[in-house]
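Below is one structure; the comments refer to it alone.
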Amino acid sequence: MFIGGLNWDTTDESLRNYFSQFGKVDACTIMRDAAGRSRCFAFLTFEDPASVNAVMVREHFLDGKIIDPKRAIPRQEHQRATKLFIGGLPGSVTSESMRDFFSQFGKVIDSTVMLDRETGRSKGFGFVSFEDTDVTPFLGFGKLEIDGKLVSCLPTRPRGFHADHSRIFLD
-7 MFIGGLNWDT TDESLRNYFS QFGKVDACTI MRDAAGRSRC FAFLTFEDPA SVNAVMVREH
53 FLDGKIIDPK RAIPRQEHQR ATKLFIGGLP GSVTSESMRD FFSQFGKVID STVMLDRETG
113 RSKGFGFVSF EDTDVTPFLG FGKLEIDGKL VSCLPTRPRG FHADHSRIFL D
């Protein structure tokens, strides 16, 4: 779980003690800055995942503050979402029609055709995100045709990263 809104003075031990009323706590770590000061949030895991449900049904007050527990999305699940760059789109394609087209391959969680700010017309590219779909069969150019035009489908990378996954630093 992600636990936000902690008091500066809350310790790992006091947090663990508080949440142990809901079940056996496996791990509890308050995140700290380089100087060792609390960043006022923590990650906590229970031995039994059902304990999370017990936490989520009520308000929590610790060390003089209302705290905000949330279900944390495991990194591997978060990374399962697949976002693609779609290039070479015909002007007739809208965000909605692109969503409809890609829905045949899996659950689409977002679809956006990029528009020119001044004219409101399509820039000829967009992005589509799937919940959990293997997109490798249609990566590249010419494997998919939308409204009579072959399009490019490329995986996206987090902003600021090169293809080799090295970080870009801007002055």
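Sequential numbering from -7 applies to the sequence shown in our numbering. Ideal placement from N, C-alpha and C gives every residue a C-beta, glycine not left out.
Which of the three DSSP states, helix, strand or coil, is assigned to residue i?
i: MET(-7); result: coil
i: THR104; result: strand
i: LEU162; result: Here LEU162 scores only 41 on pLDDT, less than 50, and its place in the model is too uncertain to base an answer on.
i: THR7; result: Thr is not the amino acid found at residue 7; the sequence shown has Leu there. Reduced to three states, the DSSP call for LEU7 is helix.
i: GLU88; result: helix
i: VAL44; result: helix
i: SER12; result: helix
Taking DSSP's pairing of strands, which residues face residue i in a bridge?
i: GLU21; result: The amino acid at residue 21 is misidentified as Glu; the sequence shows Thr. The partner list for THR21 (beta bridge, DSSP) reads PHE35.
i: THR2; result: In the DSSP output, where bridge partners are listed per residue, THR2 has none listed.
i: LEU60; result: The amino acid at residue 60 is misidentified as Leu; the sequence shows Asp. GLY(-4), per the DSSP bridge assignment.
i: GLY83; result: DSSP, once it has assigned bridges, lists no residue as partnering GLY83.
i: LYS75; result: SER121
i: SER114; result: LEU107
i: PHE53; result: ILE58
i: SER30; result: ARG24
Between residue i and residue j, which are expected to be in contact by the criterion C-beta below 8 Å, what is the C-beta distance as a whole number of angstroms?
i: PHE35; j: GLY15; result: With 8 Å as the limit, PHE35 and GLY15 do not qualify as a contact, their Cβ atoms being about 16 Å apart.
i: MET(-7); j: VAL49; result: Not a contact, Cβ separation roughly 13 Å.
So the candidates are the options; which of them puts its Cα closest to the Cα of residue i?
i: LYS62; options: ILE(-5), ILE138, LEU131; result: ILE(-5)
i: CYS32; options: ILE138, VAL120, ALA26, LEU(-2); result: LEU(-2)
i: GLY185; options: SER95, MET90, THR2; result: No information on residue 185 is available, as it lies outside the stretch -7 to 163 that the chain covers here.
i: THR2; options: ALA19, ILE59, ALA27, SER121; result: ILE59
i: PRO41; options: GLY112, ALA64, THR104, VAL120; result: ALA64
i: VAL85; options: SER43, PHE119, THR74, CYS20; result: PHE119
i: SER43; options: THR74, ASP92, THR111, PHE11; result: PHE11
i: ASP126; options: SER87, GLY98, ASP92; result: GLY98
i: ASP25; options: ALA19, VAL17, TRP0; result: TRP0
i: GLU88; options: ARG113, THR148, SER103; result: SER103
Against chain B, does residue i count as a neighbour if the rule is that its beta carbon must be under 7 Å from one of theirs?
i: LEU136; result: In the structure shown, chain B cannot be found, because there is only a single protein chain.
Quiz item: Taking contact to mean at least 3 C-beta pairs separated by less than 8 Å, is the region 78 to 85 in contact with the region 138 to 147?
Solution: Output reads yes: the region 138 to 147 touches the region 78 to 85.
Quiz item: Below 8 Å, can you find three or more Cβ-Cβ pairs linking the region 40 to 57 to the region -1 to 14?
Solution: yes
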